[in-house]
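Structure first, then comments.
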Amino acid sequence: MRRYGPAVLLALVGAAILRVSLFSELYLRYVQTGLRPYLVVSGVTLVLLGVAVAVLTARGQDAPEHGDDGGHAGHSHGPAGPRVAWFLTLPALALLLFPPPALGSYSAEREAARRATQGVGTFPALPSGNPLGLTLGEFGSRAVYDSGRSLKGRTLRLTGFVTRGGDGTWYVTRLLVSCCAADATAAKAEVRGAQAPPVDTWVTVTGTWHPEGEPGSEAAWPPVIDATSVRRVPQPDDPYEKR
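Going by UniProt numbering, the sequence shown opens with residue 1, and the numbers climb by one from there.
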């Protein structure tokens with residue numbers, strides 16, 4: 001059975017990739033949607049390689065052995081490779097059976113206070129109509145850097161998960177990614193005028209922007225929203241915003 005170890009490992013890893021990318025939307029917890037085709041191709045390739053290795057191994061077992069094997073008893077190195085390779089089954093099985101959740105408040109709270117270098121200026125006009133749904137990234141950029149104050153007087157709607165501050169404040173937060181969860185950074189807005197739901201709860205906050213400080217100043221960060229309603233919502237299939 002050990003002869004089939006490499007084949008089993010290849011097929012198992014391939015199946016785990018297909019489990020999250022082809023047969024579900026779980027891959028969105030880890031990478032951007034545009035990477036799905038590459039994940040599917042990788043998973044299919046690994047499964048096919050596993051099948052090919054298994055077939056070649058079976059044919060090798062059926063072939064008659066030649067030559068004198070004397071003197072080599074007890075020193076077999078076998079085709080199965082080092083036993084430590086079997087530890088690769090652990091992450092593959094975990095991905096198959098218990099896919100890790102998307103990043104949440106723990107990652108957001110440990111995000112350094114770094115923001116993209118962005119000059120103060122005017123932003124394009126916002127669409128008409130209230131309430132206006134915005135991403136946390138766009139809300140933060142306009143609230144902190146827009147000298148035209150385009151958010152003023154608008155009813156806004158923000159969706160994200162709940163994080164807490166050390167002084168009792170709470171935030172609606174979203175993680176922004178360029179490629180995958182490994183490069184995630186946090187965008188958040190302080191929520192005032194409403195009780196905080198439990199940490200990591202997904203909510204939609206409706207309210208108005210509360211200006212703080214001059215555009216581009218430290219006092220303007222983090223941006224603030226005065227909530228008129230806070231509604232619990234399910235976690236979206238894609239929990240990240242594109243940076």
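Quick reminder that beta carbons are idealized off the backbone N, C-alpha and C, glycines included.
Endpoints, the alpha helix (DSSP H) within which residue i is located
i    : result
E138 : 136 to 145
R19  : 5 to 21
L176 : That residue, L176, is in no alpha helix (DSSP H); its beta strand (DSSP E) goes 170 to 177.
A196 : Where A196 is concerned, there is no enclosing alpha helix (DSSP H), given that its DSSP letter is neither H nor E.
L93  : 89 to 97
Buried versus exposed, by CB contacts within 10 Å (16 or more), residue i
i    : result
L29  : Here residue 29 turns out to be Arg, not Leu, going by the sequence shown. Buried is the call here.
Y38  : exposed
A7   : buried
V55  : exposed
H75  : Residue confidence for H75 is low, a pLDDT of 44 falling below 50, so the modelled location carries little weight; the figure read from the coordinates is stated next. That one is exposed.
D68  : For D68, the predicted structure reports a pLDDT of 47, less than 50, and the residue's modelled location is therefore unreliable. A value from the coordinates is still provided. Exposed, since its Cβ has fewer than 16 Cβ neighbours within 10 Å.
T24  : Position check: residue 24 holds Ser in this sequence, whereas Thr was assumed. Result: exposed.
H77  : Only weak support exists for where H77 lies, its pLDDT of 46 falling under 50; the value from the coordinates is given anyway. Classification for H77: exposed.
P223 : buried
A16  : buried
F98  : exposed
L90  : exposed
F161 : buried
V233 : exposed
A92  : buried
L22  : exposed
A58  : exposed
A227 : buried
Range covered by the beta strand (DSSP E) that runs through residue i
i    : result
T155 : 155 to 164
A227 : 224 to 232
T208 : 202 to 210
A187 : 185 to 192
Y240 : 240 to 242
Integer Cβ distance of residue i from residue j, believed to fall under 8 Å
i    : j    : result
P131 : T206 : 5 Å
V199 : R164 : 6 Å
T204 : I225 : Not a contact, Cβ separation roughly 12 Å.
V53  : L10  : 6 Å
R19  : L96  : 5 Å
A94  : A143 : Going by Cβ atoms, the distance from A94 to A143 rounds to 40 Å, so no, they are not a contact pair.
G5   : G43  : Incorrect: roughly 20 Å between the Cβ atoms, too far for contact.
P215 : V120 : 5 Å
G133 : R157 : 5 Å
S178 : R243 : 5 Å
Cβ-heavy atom distance, residue i to the ligand SAH, below 7 Å
i   : result
L12 : As presented, the structure is devoid of all ligands, the ligand SAH included, so that no description of it is given.
Does the stretch 170 to 182 come into contact with the stretch 143 to 155, if we say contact requires no fewer than three beta-carbon pairs (one atom in each stretch) closer than 8 Å? no
Is it true that the stretch 131 to 143 meets the stretch 178 to 192, where meeting means three or more beta-carbon pairs spaced less than 8 Å apart? yes
So, do the stretch 37 to 53 and the stretch 123 to 133 have three or more beta carbon pairs nearer to each other than 8 Å? no
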